[in-house]
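Q: Following this message is one structure expressed as structure tokens.
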Amino acid sequence: AQKVTQAQTEISVVEKEDVTLDCVYETRDTTYYLFWYKQPPSGELVFLIRRNSFDEQNEISGRYSWNFQKSTSSFNFTITASQVVDSAVYFCALSEPPMNNNAGNMLTFGGGTRLMVKP
Amino acid sequence: DAMVIQNPRYQVTQFGKPVTLSCSQTLNHNVMYWYQQKSSQAPKLLFHYYDKDFNNEADTPDNFQSRRPNTSFCFLDIRSPGLGDAAMYLCATSRVVLYSYNEQFFGPGTRLTVL
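Chains as they are written, first to last, in my numbering: chain V, 1434 to 1552; chain X, 3 to 117.
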């Protein structure tokens, strides 16, 4: 069975601090995708990144960076120089293969990490 | 801008009174999903449509139904809402072909209150 664990339920930092959100996953599939989503107080889930299981290169996008390590089944997310606007709940998710030819790909979500950035 | 739209953003209904939530998309994606998200929890998939094919999750109560009359629209019907159905309902879409793992795009959600 697929499982995603985000051990940190809540993190509080002061603006300009760097912060890392942890994500650990379990899967038996050799091909899978990992995602991060941001959910601000408005409620909409905003897609941040998709990473496939064959690409372990780290990725950087502005102040955001992701570290994917298959050896430890982790896909951690770092925000550099955090800002108040980064305050949100962040979800890590794992994509299962479609069940059949007429099904979408399912997302297994972690429990989410609430990040609070104080001015 | 291409997007996923949900109406209304806030819905209040009475215990046992049927309610319908709507979702539309301009992305022309073939798959549409409905999630339920309760406070401080992760989204929980209720069901999804792959084109016109309906896929129900095993633990989705019969009280929840869905319709997809065309590619752009999908509806969530709650036949007899209970207090436990109060939640945020999220619609999402994705473009899926066999063995693909494309991201899902989410709408802003409808927050349902049951009195």
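Glycine is no exception: its CB is placed at the ideal position from the N, C-alpha and C atoms.
Please classify phenylalanine 1468 of chain V as buried or exposed, where buried requires at least 16 other C-beta atoms within 10 Å of its C-beta.
A: Buried, by the Cβ-count rule.
Q: Pair every Cβ in the region 20-29 of chain X with every Cβ in the region 1471-1480 of chain V, then say whether three or more of these pairs are closer than 8 Å.
A: No: fewer than three Cβ pairs fall under 8 Å.
Q: At a Cβ threshold of 8 Å, is valine 106 of chain X touching chain V?
A: Checking the sequence shown, residue 106 of chain X turns out to be glutamine, not valine. Cβ-Cβ to chain V under 8 Å: yes for glutamine 106 of chain X.
Q: Serine 1504 of chain V: which of V/Asn1538, V/Thr1460 and V/Gly1495 sits nearest, CA to CA?
A: Residue V/Thr1460 is the option with its Cα nearest to serine 1504 of chain V.
Q: Starting from cysteine 25 of chain X, trace the beta strand (DSSP E) in both directions and tell me its first and last residue.
A: Cysteine 25 of chain X -> beta strand (DSSP E) spans 21-27.
Q: Does the region 1537-1547 of chain V come close enough to the region 1483-1491 of chain V to have 3 or more Cβ pairs within less than 8 Å?
A: Output reads no: the region 1483-1491 of chain V does not touch the region 1537-1547 of chain V.
Q: Can alanine 94 of chain X and glutamine 39 of chain X be called in contact, C-beta distance under 8 Å?
A: In this structure, glutamine 39 of chain X does not lie closer than 8 Å to alanine 94 of chain X by Cβ.
Q: Residues in the same chain with beta-carbon distance under 6 Å from glutamate 1529 of chain V, minus the five sequence neighbours each way, listed in chain order, please.
A: The residues are Gln1435 and Met1539.
Q: Using the beta-carbon count (16 or more within 10 Å), is asparagine 57 of chain X buried or exposed?
A: So asparagine 57 of chain X counts as buried.
Q: What residues match up with phenylalanine 75 of chain X in a beta bridge as DSSP calls it?
A: DSSP lists X/Ser26 as partners of phenylalanine 75 of chain X.
Q: Name, in chain order, the residues that DSSP records as bridge partners for phenylalanine 1542 of chain V.
A: The partner list for phenylalanine 1542 of chain V (beta bridge, DSSP) reads V/Ala1526.
Q: Which residues, taken in chain order from the region 30-51 of chain X, show a beta carbon closer than 7 Å to some beta carbon of chain V?
A: Within the region 30-51 of chain X, the residues whose Cβ lies closer than 7 Å to some Cβ of chain V are Val33, Tyr35, Ala44, Pro45, Leu47 and His50, listed in chain order.
Q: Check whether the Cβ of asparagine 57 of chain X lies closer than 8 Å to any Cβ atom in chain V.
A: Yes, contact with chain V.
Q: Near proline 10 of chain X, which residues of its chain fall below 7 Å by C-beta distance, leaving aside the five closest residues on each side in sequence?
A: Hits under 7 Å: Thr112.
Q: If you run the structure through DSSP and keep just helix, strand and coil, what is lysine 1551 of chain V?
A: Of the three classes helix, strand and coil, the one that applies to lysine 1551 of chain V here is strand, per DSSP.
Q: Name the chain V residues that come within less than 8 Å of valine 21 of chain X, Cβ to Cβ?
A: Correct list: empty, because the minimum Cβ distance to chain V is about 18 Å.
Q: Is there at least one Cβ from chain X nearer than 8 Å to phenylalanine 1468 of chain V's Cβ?
A: Yes, phenylalanine 1468 of chain V counts as interfacial toward chain X.
Q: Quick check: the region 55-71 of chain X against the region 79-89 of chain X, are at least 3 beta-carbon pairs closer than 8 Å?
A: The region 79-89 of chain X, when compared against the region 55-71 of chain X, does touch it at the 8 Å Cβ threshold.
Q: Just the chain X side, please: which residues come within less than 9 Å of arginine 1483 of chain V by C-beta, in chain order?
A: The contacting residues are Tyr103, Asn104 and Glu105.
Q: What does a CB cutoff of less than 6 Å around valine 14 of chain X pick up in its chain, not counting 5 residues either side in sequence?
A: If we look at valine 14 of chain X and ignore the five residues flanking it on each side, its Cβ neighbours are Thr115.
Q: If we define contact as Cβ-Cβ less than 8 Å, is glycine 1476 of chain V a contact residue for chain X?
A: Answer yes: the Cβ-Cβ gap between glycine 1476 of chain V and chain X drops below 8 Å somewhere.
Q: In angstroms with no decimal places, state the Cα-to-Cα distance between arginine 1496 of chain V and arginine 1547 of chain V.
A: The straight-line gap from Cα to Cα measures roughly 18 Å.
Q: Sort X/Gly109, X/Gly86, X/His50 and X/Val99 by Cα distance to glycine 18 of chain X and report the nearest one.
A: With distances taken between Cα atoms, glycine 18 of chain X lies closest to X/Gly86.
Q: First and last residue of the beta strand (DSSP E) that includes asparagine 1509 of chain V?
A: Residues 1507-1512.
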